[in-house]
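Below is one structure, written out as structure tokens, with a few remarks after it.
There are 2 protein chains.
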Amino acid sequence: MQNVPVPFSAGVIELSKLKATTMQDTEQLYNAWKTIMQKAADINNAAAVLGWDQEVYMPPKGAEFRGRQLATLAGQAHELLTSDEFGNLLHKLTGAPGLNDVAQNNVRLSLEDYEKNKKLSAAFVEEVSRLQSECFNAWIAAKTQSDFRIFAPSLTKMVALKRRQAELLGYKAHPYDALLDEYEKGATVSMLDPIFEGIKAGMPLMLAKIKAATQVSNDCFHQHYPKQDQWDFGIEVLKHMGFDFEAGRQDYSEHPFTTTFAPTDVRLTTHVNENNFASMLWSCIHEGGHGLYEQGLPEEQYGLPLGAAVSLGIHESQSRIWENCIGRSKDFWSYFYPRLQARFPRQLGKTDVDTFFKATNKVAPSLIRIEADELTYHFHILIRYEIEKALIEGTLETEGIPARWNELYTKYLGVMPADDKSGALQDVHWSHGSFGYFPTYTLGSFYAAQFYEQAKTDIPGLPEQIRNGRFKPLLEWLREKVHIHGRRYTSEELCERITGKKLDAAFFMKYAEEKFGTVYDLSNSK
Amino acid sequence: MQNVPVPFSAGVIELSKLKATTMQDTEQLYNAWKTIMQKAADINNAAAVLGWDQEVYMPPKGAEFRGRQLATLAGQAHELLTSDEFGNLLHKLTGAPGLNDVAQNNVRLSLEDYEKNKKLSAAFVEEVSRLQSECFNAWIAAKTQSDFRIFAPSLTKMVALKRRQAELLGYKAHPYDALLDEYEKGATVSMLDPIFEGIKAGMPLMLAKIKAATQVSNDCFHQHYPKQDQWDFGIEVLKHMGFDFEAGRQDYSEHPFTTTFAPTDVRLTTHVNENNFASMLWSCIHEGGHGLYEQGLPEEQYGLPLGAAVSLGIHESQSRIWENCIGRSKDFWSYFYPRLQARFPRQLGKTDVDTFFKATNKVAPSLIRIEADELTYHFHILIRYEIEKALIEGTLETEGIPARWNELYTKYLGVMPADDKSGALQDVHWSHGSFGYFPTYTLGSFYAAQFYEQAKTDIPGLPEQIRNGRFKPLLEWLREKVHIHGRRYTSEELCERITGKKLDAAFFMKYAEEKFGTVYDLSNSK
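Just so you know, the sequences run in chain order D and R. The first sequence begins at 1 in this note's numbering and counts up one residue at a time. The second sequence begins at 1 in this note's numbering and counts up one residue at a time.
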């Protein structure tokens, strides 16, 4: 039996009958397991291509069949990863002799996933996938007409399905915990509630100081910036960041996102508003940060746990370290601003770098999450978090979302959407059924601040490098500290390995006090 | 058992144990069969999206993983369609009571496909798919450097695989017959040899007459036509033809092609040469004709034989009726030429419509197939046909292709490629392993001429409609006569249904004599 080569597709059943008693048996079992994992990854990556095309190029009438195609792929991958043969392989591999450290970690994480996946039937997974396509198209139509009622019926079905998913997955304290765990392993309502309470308690003081200080203007962003010139500047920044355009590209979409078909094919999308340069600028750097993480995952672990990102919180730390810690820093613009001025002499010729730096950090309550400043941003998340919890608990109906949304925006931010388009319809996430996703944005910001503090210690001369447009040492640090490990460590473990401490919101507050102290000259206003 | 609902994914094995003794049993069996068929279609359509992206947008480093993803999808679809359960369903459905005419035809054709598919293992299908990706990338690299030797090693593997495929599929007279049959059911060397002998015998006389006549010039095409303006004109023509841009789109690619993800999502690609307007123009109308066929297939037969095109020959008849019979007619340009002049006043302001019409039909031996005129085109096909036969017979090695190519171009067309790029590397097809495909181009031209002759009889006032830019009656005729039937009839049956006659090359010769008689004033030169 030992000399039988591992077949590419069939033969799994036979192999699963093997007892892994020798190292050579183990190697065969591991290869058989890897073959199934990578086939499932191929199918999931194919689905990612279809999903990307759906949001970037697909003509409108293509939506219906695309929905069923995505559902079929989801079902096929799920079947592979929940088969008894696959489970048998995993059980035999657990504790088998001769597995090296990498293989052991892959098997450990794969078994966890398997036990979780088994809780959802292939039919359920296909149902979610089909409904995602329906919901996405309803959301597009609703947003175009700025009418939440067009979206509500599909969303109601999605919420029902997600509540069912929470029951199927199981939870201890709150059904929303089961959904949170999908995006951030270990995250719960009881962990997040205090974080958001902290924001509610601590942030208003800083916001009040800022409100009392001399205001900064971001008028320079609100001029006419031609689409193509914006695009070209975005590409220039991405190239400097180290995004490899031989292994990825950027396209237009309604809502910016990053998706990956392989570490060697990572797709960014961005959105351009010709009358607000900020829109493209931050999307581009943000998605670029996500893209660098995906391009940095180890190719040889394709389709395996050690070839995948840790969690959405950690993913978001990578986008935010680039967008906020780097992209909104004075060092960054001391390099890029002369280049930006050269592209837009009419718009920026008379604005100095200090004014521009301050404009990138203007703090003011606003309606649109993706255009919010770094501070009030977290209230946007808090509002979504409260609405999602209520939907999943069943204490809020989807029809009531716009009213609740507007109420909470008034309460926390003192602003009131004029229409659904700039209110409850602004985000794509609910159309994907991604309940539990938004909180990872706040976690990501906090991780980013904590990691960046460490990077400044670990990398000598980092600020000067940035002032010279040299981002390679930072990227290498991120590769080594985060990207290369895949899912080997949990978010918590990774944070401790990198910074020696657990996630601590104090790093974010310190970072914010420093930056906004400079921007708003708060030391003088004490 | 009768009241058990047909499950979406599982349950096939149980159903296959049913004997179809009642109409209700039959309905369940048919639904179970349809579910598998449509899942396989979903997977194949997903592969089409990946294939499209590969040629249109994929960054270069994405190639390797894309190759394995396509292979996995091909294997998954093949597994579904060759499973014993699927075969059992088909055997039970054959002759089962209560199947309507549509269902009977679907089952009949599906059984034929099944018996053919069973001859190739999933591993073989995956191997072909993987090699297609390798070969395509080698072809791109070879064409870029104009060096056939870069392509040869991959192509050698592909030829070996295709010879193996011919053996697996089986054939009576010639191994190439097995490959031809994949694209044009029933086509054989013994059917094609006389057709090509006919071309070799009859065409030179017409070409000699043309050569002796006053020459026409197509210099008007060889000016600088800006890319975007060409693109816009192409879109205008496609819209007039009736291509539905809500159910399809056009993108750029190196080699123009049409692919379909559903009848509601059909993708055309075109190539623009700024110094030769003809390149984009004919590609665009040609691919548009293919696209109209795909958009005209019945949606409710998605994934089933009656929802698919008959054959490549019939597909090609649809592209060529638009490209040649319509697009190169005086009626067509009497409508479009003023519009074209308005877009390109500098290039065409001084050229009259008659000169332009003649330019679209200039006959001259040339190197590039897709830029060839309607007559010498068939020698391009003949050359490929002879090389393919020799490769599959094993009487020619891939390394010998460029020499043989150049020898045959000199013999039949009196021209000699300066390099591989304009010689044996010009077509993408061999990189896909599509041996047996090229002859369908000639069949398609002949079908087109025969169909068009019939259309002129069936549609009163057709020439006048075309002169007024009204293509709807023609499109409706094509829909009714060809598109709507899917694979219900073979090419041969369809041709007889539409024209009352078998395919007869005399229609093409008559069409050619008429058109080129006008263009070259051949009646006077007698």
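Every residue, glycine too, gets a C-beta built ideally from N, C-alpha and C.
With a 10 Å radius around its C-beta and 16 neighbouring C-beta atoms as the bar for buried, classify D/K211 as buried or exposed.
exposed
I want to know whether the stretch 222-239 of chain D touches the stretch 265-285 of chain D - three or more CB-CB distances under 8 Å.
yes
Any idea what DSSP makes of D/Q250, helix, strand or coil?
Residue state, collapsed to three classes: strand.
Quick one: which residues of the stretch 243-269 of chain R get their C-beta closer than 7 Å to a C-beta of chain D? List them in chain order.
F245, E246, A247, G248, R249, F261, A262, T264 and D265
Distance cutoff 8 Å, beta carbons only. Does D/A32 sit that close to anything in chain R?
no
Is D/F233 helix, strand or coil when you go by DSSP?
Residue state, collapsed to three classes: helix.
Min CB distance R/D42 to chain D below 8 Å:
yes
Reference D/S217, options D/T355, D/T398 and D/Y171, closest by Cα:
D/T355
According to DSSP, is R/R497 helix, strand or coil?
helix
Would you say D/T214 faces chain R, with C-beta separation under 8 Å as the test?
no
Per-residue contacts from D/L382 into chain R (C-beta, under 7 Å):
Under the 7 Å cutoff, chain R gives no residues; its nearest Cβ is about 38 Å from D/L382.
is_contact[D/G62, chain R] using C-beta, thresh 8 Å
yes
Rounded to whole angstroms, what's the CA-CA distance from R/A506 to R/Y447? Just pull it up for me.
11 Å
Under 7 Å by beta carbon: chain R residues contacting D/Q69
Simply D42, N45 and A46.
Length-filtered (4 minimum) alpha helix (DSSP H) runs lying within the stretch 153-203 of chain R:
Taking only runs of at least 4 residues, the alpha helix (DSSP H) segments lying wholly in the stretch 153-203 of chain R are 175-183.
Is DSSP giving R/D101 helix, strand or coil here?
Helix.
Buried versus exposed call for R/K227 [16 or more other C-beta atoms within 10 Å across all chains shown]
exposed
To which residues of the same chain is D/H271 closer than 8 Å at the C-beta, ignoring the five residues directly before and after it?
Y252, S253, E254, H255, P256, S279, M280 and S283
Under a CB-based cut-off of 8 Å, is R/T26 close to chain D?
no
Does R/T351 come out as helix, strand or coil in the three-state DSSP assignment?
coil
Residue range of the alpha helix (DSSP H) that R/A35 falls in?
Looking at the sequence provided, one finds Thr at residue 35 of chain R rather than Ala. M23 to V56 is the span of the alpha helix (DSSP H), which, as asked, contains R/T35.
What does D/L73 touch in chain R if you count any residue whose Cβ is under 8 Å from its own?
D42, I43 and A46
Beta-bridge pairing of D/L268 - partner residues as DSSP gives them
D/Q250 and D/T258
Simplified DSSP state of D/S422, which is helix, strand or coil:
Looking at D/S422 - three-state DSSP - the assignment turns out to be coil, as it is neither helix nor strand.
Could you check whether the stretch 298-315 of chain R touches the stretch 102-110 of chain R, counting it as contact only if at least three pairs of C-beta atoms, one from each stretch, sit closer than 8 Å?
yes
If you measure between the beta carbons of D/H378 and D/I150, is that distance less than 8 Å?
no
D/A138 by DSSP, collapsed to three states: which one?
If DSSP states are grouped into helix, strand and coil, D/A138 belongs with the helices.
With a Cβ-Cβ cutoff of 8 Å, do R/R66 and R/Q76 count as a contact?
If you check the CB distance, R/R66 and R/Q76 do not come in under 8 Å.
Three-pair Cβ contact test at 8 Å for the stretch 456-469 of chain R versus the stretch 322-341 of chain R:
yes
Got a sec: is the Cβ-Cβ distance from D/I58 to anything in chain R below 8 Å?
The identity of residue 58 of chain D in the sequence shown is Met, whereas the question assumes Ile. By this cut-off, D/M58 is an interface position.
CB contact check: R/Q76 to chain D, cutoff 8 Å:
yes
When you compare the CB of D/F471 with every CB in chain R, is at least one pair closer than 8 Å?
no
Hey, is R/I195 close to the ligand PLP, as in C-beta under 7 Å from one of its heavy atoms?
Looking at this structure, you won't find the ligand PLP or any other ligand, since it has none at all.
Spatial distance of D/P365 from R/F243 (CA atoms):
47 Å
Is R/Y114 close to chain D, meaning its C-beta is less than 8 Å from at least one C-beta of that chain?
no
Tell me, please, whether the CB atom of R/L50 is closer than 8 Å to any CB atom in chain D?
Interface residue, yes.
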